[in-house]
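A.B. asks:
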Amino acid sequence: MGSKIFAAAVAALAIIAPAHAGSDLGFDLKTVLSKRAAAELGRRKEGVIVSASYYGDPLPSAQRHANEVGQIDLGRETMTLRGLGGPIHVSGANVETKRLGWLKGPPMVNVNVFTARRSSQNNLINCDFIDGEVARVAAQPITLHCALIGEARDTIAYPR
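FYI, in mature numbering (1 follows the signal peptide of the UniProt record, and there is no 0) the residues of the sequence shown are -21 to -1, 1 to 139.
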């Protein structure tokens, strides 16, 4: 009887595990700068960094692998753009796929946009951001709007 239960558990894992392992963790997004931000970043020859951090909540058996905030760090992808904004493809190529099996739920991604600090030690822009399931992010077109810090603009969190 014990071997039948073990075989059933192995079969169940074979069905569940590929759901993450075969998933595409890449997605597309677009950044748009306000007119003032585009002009100021252009004048300063400033770059824009898009940073995508992949993470997830651990299974009870994987708690020992969690970071200081209790999550499994899956990897990061960072792109530096000229200060103009535009389309971006986040490939997900840096995700440590062996860690996907440590997750209790789907893989998540947090995307932040900020200046490259070539012309100032401070970030110069305030941007929308992404924080959610990779599948939901990939399923919808997302445009992150950025403005100079000090321009009256509220940030929006995606996916909605």
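All C-beta atoms, glycine included, are put in the ideal place defined by N, C-alpha and C.
These figures come from a predicted structure and were not determined experimentally.
1) Assuming the contact rule is C-beta atoms closer than 8 Å, residue 70 and residue 5 should be a hit. Round their C-beta distance to whole Å, please.
2) Locate the beta strand (DSSP E) running through residue 55, then write down its first and last residues.
3) Give the list of continuous alpha helix (DSSP H) stretches no shorter than 4 residues that lie fully inside the region 51 to 127.
4) Out of curiosity, what's the CA-to-CA distance linking residue 202 and residue 25?
5) Three-state secondary structure (DSSP) at residue 47?
6) By alpha-carbon positions, which one of 61, 57, 37, 64 ends up nearest to residue 48?
7) Could you round the C-beta distance between residue 13 and residue 127 to whole angstroms and report it? I think they count as a contact, below 8 Å.
8) For residue 104, I'd like the list of residues in its chain whose CB is within less than 8 Å of its CB, leaving aside the five on either flank, ordered along the chain.
9) With 16 as the cutoff for other CB atoms within 10 Å, does residue 65 come out buried or exposed?
10) Got a sec, what are the start and stop residues for the beta strand (DSSP E) residue 18 sits in?
C.D. replies: Reading from the atomic positions:
1) With 8 Å as the limit, residue 70 and residue 5 qualify as a contact, their Cβ atoms being about 5 Å apart.
2) Annotation: the continuous beta strand (DSSP E) that includes residue 55 extends over 51 to 61.
3) 113 to 117
4) Absent from the structure is residue 202, since the part of the chain shown begins at -21 and ends at 139.
5) Of the three classes helix, strand and coil, the one that applies to residue 47 here is coil, per DSSP.
6) 37
7) 7 Å
8) If we look at residue 104 and ignore the five residues flanking it on each side, its Cβ neighbours are 12, 16, 20, 27, 92, 93, 94, 125, 126, 127, 128.
9) exposed
10) Residue 18 -> not in any beta strand (DSSP E); alpha helix (DSSP H) instead, spanning 14 to 23.
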